[in-house]
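Going line by line, the protein sequences match chains A and B.
Taking the numbering used here, the leading residue of the first sequence gets 1, the next gets one more, and so forth.
Taking the numbering used here, the leading residue of the second sequence gets 1, the next gets one more, and so forth.
Cβ coordinates follow ideal geometry from the N, Cα and C atoms, glycine included.
Okay, structure first, notes after.
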Amino acid sequence: MAEKTYRDAIHDALFEEMERDENVLLLGEDIGIYEGTFRITAGMLNRFGSRRVIDTPIAEAGMIGSAIGMAMFGLRPVVEMMTMNFSIVAADQIVNHAAKIRYFSGGQVDIPLVIRGPHGVGVQLSAQHSQSLESFYGHFPGLAVVAPSTPADAKGMLKTAIRGKDPVIFLESAALYGSKGEVPDDTNATVPFGKSAILREGSDVTLVSFGRMVQLALKVANDLSERENIEAEVIDLRSIRPLDLDPVYDSVRKTHRAVVVQEQWKPFGFAGEISASITETVFDELDAPVIRVTGEDVPMPYARNLELLAVPHEEHIEKAIMQVLYRD
Amino acid sequence: MTEEPVANAPEWTDILRQMILIRKFEEATEREFRRGKIGGYLHVYIGQEAVVAGIQTAARKDDIVFAGYRDHAHALLLGSDPNAVMAELFGKSTGVSKGKGGSMHLFDAPNGLFGGYGIVGGHLALATGAAFAGRYRGLDRVVFCYFGDGAMNIGAFHEALNMAGLWGKQGMCPVVFVIENNGYAMGTSVERHSAVTDLASRMNQYAIPNEKVDGQDIFAVRGVADRVIRQVRETGRPYCIEAITYRFSGHGAADILQPYRTKAEVEQQRHRDPIVILKKRLAEITGLSEEDVKAMDDEASQMVARAVEFAEASEPPSADELYKDVVAETWGKGGRING
């Protein structure tokens, strides 16, 4: 094990997979000479050359569509979105092509394609650059959607994505790029999709989330343990699609209470999906309604004070916990 | 006839045979649609046969084809079993895509057909990437990307063509882009949908050499194709052929009234039926007789009748097929909600 940042973990996963398999190649805007907006691809062009590290025009539909064509013919392209917001430009390529070709061809081709990049709320990036798209991409069969919250998961899940046979939307939390954690040294260590992780055990309430919000939930859980003697169980789903909710149901059987946390918009969102699944599956175990903690239902404003008001914070999670414990 | 190749009688007769098969096949699909045996959308290639026939007969077996939704002719030309193509349209397990794609998504990888796409213009980038992948892996195959005039105004068209032009400069994009210009984007004429109606010339913006050809004249199409394919294979640079053609049937099976064009226009165009043109030329060149043609017609009709019988007798896909060939079987719990 070695301590690495989330950013370096992603870089290392790309670098090692490029070394391992010549069919892995990178495409994106300014990933080569410029070395990437977030420097994830620093040093890649030097090591692997312009044939495998391809600076594309600003043309998301063109680059993702081309990558789909490459994936159909034996390559394993990894496409960087400068931010995941730009992937919406290529929504047709992702949703109508990548997600469906294996199915409508009756399984004649695989689409081993990874689309990765920073996702979610940043700092004063305003409306077009601060969006959480997990519910959008999570809606479509044919895609895998994952969102690691630790450096080890980021590295291991990116390797799983690159080695797979289906298109993967790989959501990185820009706010976590500088965060640190232990990462296995083994270059073949992978983290499977569809396996939730219990990050903290507890008996009073179940906290469910993914990505940056997991770190927030952990903080609240530790704080409440010290201050109020409340023990929260924190579950990091890690995969949005496929979802692994069995550990959540098992947890609710123990705690009888659940709070689901997501960064942005509540309507038709991730937290609604999790909440409904809990209610459908372990209704009799619940001692309180499942509560969703979400951001406000508005586009992201620029002004820092408004931006802070738009997303959930520790106090919102704590309030929801108190609510399901009937201590509010 | 600008570029008539040296007439090779057996080959041209075989091309005629294939065009007749396409025509009979498409006529049968229209009948079977009316009988309720074929569902969804159905777009036939009647009138446009010389385009794909002229180009694909000049291609190599390991070349790759991407087509739009009007794709039955492409499959038949590439050697797909007519039985399996018809079965696909019938939604049967014996179809080329196991009944999971249908008319718009014919897919036959062993024969080089990689779809069948229903988002107009969406597949051009795929062809660009497929061509790159071939060169990346050291192969000299050529990718053919067919699309209609209506596909040239979607954003993805411009993004894909710009990248094809760029990668072509490095010899990494051997694609023949084929505009099947039948004059209409569904019911909107070229004049009404394109600010610049000289469609091939629009490729100049992307450094993609281009030319027009009379798409009703198989000799002309084939002549251009032979030269262009050789060039694209050698250079790894894309090229665009704009084939001026016409569809005699409606846009789709539901396009009965055709308010966007007159009956007189269609009648006028029928004088330029590509199959009639080829028959006449072969009569002159090889002495092809009426009896020869009748024998070909009968043979094609029998093949199509057998295909319909085969499709009708085939089983629909089994229920568990619903959950196959999708990411859920790789990483998930099978995609089952109700089943």
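Proximal chain B residues relative to residue i, where beta-carbon distance stays under 7 Å
i, result
"L75 of chain A", "A133 and Y136"
Residue i: contacting residues in chain A (beta-carbon distance under 9 Å)
i, result
"M163 of chain B", "T56, P57, A59, G62, M63, G65 and S66"
"F114 of chain B", "G69, M72, F73, I101, S105, Q108 and V109"
"A243 of chain B", "Within 9 Å Cβ-Cβ: nothing; A243 of chain B doesn't reach chain A, min ~23 Å."
"G122 of chain B", "A61, G65, D92, Q93, N96 and H97"
Supposed close pair residue i, residue j - CB separation, criterion 8 Å
i, j, result
"F147 of chain B", "L124 of chain B", "6 Å"
"D149 of chain B", "I179 of chain B", "6 Å"
"H251 of chain B", "H43 of chain B", "7 Å"
"V326 of chain B", "R102 of chain A", "7 Å"
"G99 of chain B", "P317 of chain B", "5 Å"
"G215 of chain B", "V96 of chain B", "With 8 Å as the limit, G215 of chain B and V96 of chain B do not qualify as a contact, their Cβ atoms being about 26 Å apart."
Beta carbon proximity, residue i to chain B, threshold 8 Å
i, result
"G107 of chain A", "yes"
"N96 of chain A", "yes"
"F48 of chain A", "no"
"I101 of chain A", "yes"
"A72 of chain A", "According to the sequence provided, residue 72 of chain A is Met. The question's Ala does not apply to it. Yes, its Cβ sits closer than 8 Å to a Cβ of chain B."
"G272 of chain A", "no"
"Q93 of chain A", "yes"
"F193 of chain A", "yes"
"D12 of chain A", "no"
"P247 of chain A", "no"
Partner residues on chain A for residue i, Cβ-Cβ distance less than 8 Å
i, result
"T128 of chain B", "G62, G65, S66 and G69"
"A160 of chain B", "A61, G62, G65 and S66"
Residue-chain proximity (residue i, chain A), Cβ-Cβ < 8 Å
i, result
"K324 of chain B", "yes"
"H105 of chain B", "yes"
"G68 of chain B", "no"
"S97 of chain B", "yes"
"I119 of chain B", "yes"
"K100 of chain B", "yes"
"A84 of chain B", "no"
"V178 of chain B", "no"
"T2 of chain B", "Low confidence applies to T2 of chain B: its pLDDT is 41, below 50, so where it sits in the model is not reliable, and the reading given next is rough at best. Chain A, which has no Cβ nearer than 8 Å to the Cβ of T2 of chain B, makes this no."
"A283 of chain B", "no"
"G155 of chain B", "yes"
"A125 of chain B", "yes"
Within 8 Å, strictly: CB atoms of residue i and residue j
i, j, result
"V259 of chain A", "V293 of chain A", "yes"
"E309 of chain B", "K92 of chain B", "no"
"I115 of chain A", "S87 of chain A", "yes"
"S277 of chain A", "V214 of chain A", "no"
"M82 of chain A", "E134 of chain A", "no"
"L282 of chain B", "T13 of chain B", "yes"
"R233 of chain B", "P174 of chain B", "yes"
"A84 of chain B", "T94 of chain B", "yes"
"V211 of chain A", "A174 of chain A", "At residue 211 of chain A the sequence reads Gly, which differs from the Val that was named. No; because the gap between Cβ atoms is not below 8 Å, this pair is not in contact."
"M300 of chain A", "A127 of chain A", "yes"
"T5 of chain A", "P151 of chain A", "yes"
Of the residues the options, the one placed nearest residue i, counting alpha carbons only
i, options, result
"I15 of chain B", "B:E49, B:R70 and B:A75", "B:E49"
"S239 of chain A", "A:I291, A:I230, A:M157 and A:T255", "A:M157"
"T197 of chain B", "B:G101, B:N153, B:A28 and B:G287", "B:N153"
"R17 of chain B", "B:G121, B:D298, B:N162 and B:P110", "B:D298"
"G129 of chain B", "B:K100, B:L106 and B:N162", "B:N162"
"Y249 of chain A", "A:N222, A:V290 and A:I54", "A:V290"
"V252 of chain A", "A:E60, A:I31, A:P141 and A:G202", "A:G202"
"A156 of chain B", "A:Q93, A:Q262 and A:L75", "A:Q93"
"A67 of chain A", "B:H271, B:S318, B:L126 and B:R70", "B:L126"
"Y246 of chain B", "B:N181, B:V276 and B:E88", "B:N181"
"G43 of chain A", "A:L14, A:T56, A:R304 and A:F140", "A:L14"
"I46 of chain B", "B:R192, B:F33, B:L21 and B:R202", "B:L21"
"Y117 of chain B", "A:H97, A:P118 and A:S132", "A:H97"
"G121 of chain B", "A:D297, A:F140 and A:G65", "A:G65"
"L77 of chain B", "B:R23, B:V213, B:V276 and B:E312", "B:R23"
Interface residues of chain B facing residue i [CB-CB closer than 8 Å]
i, result
"M82 of chain A", "Under the 8 Å cutoff, chain B gives no residues; its nearest Cβ is about 15 Å from M82 of chain A."
"G142 of chain A", "V326 and V327"
Proximal residues of chain A, C-beta to C-beta of residue i below 7 Å
i, result
"A109 of chain B", "Q108 and V109"
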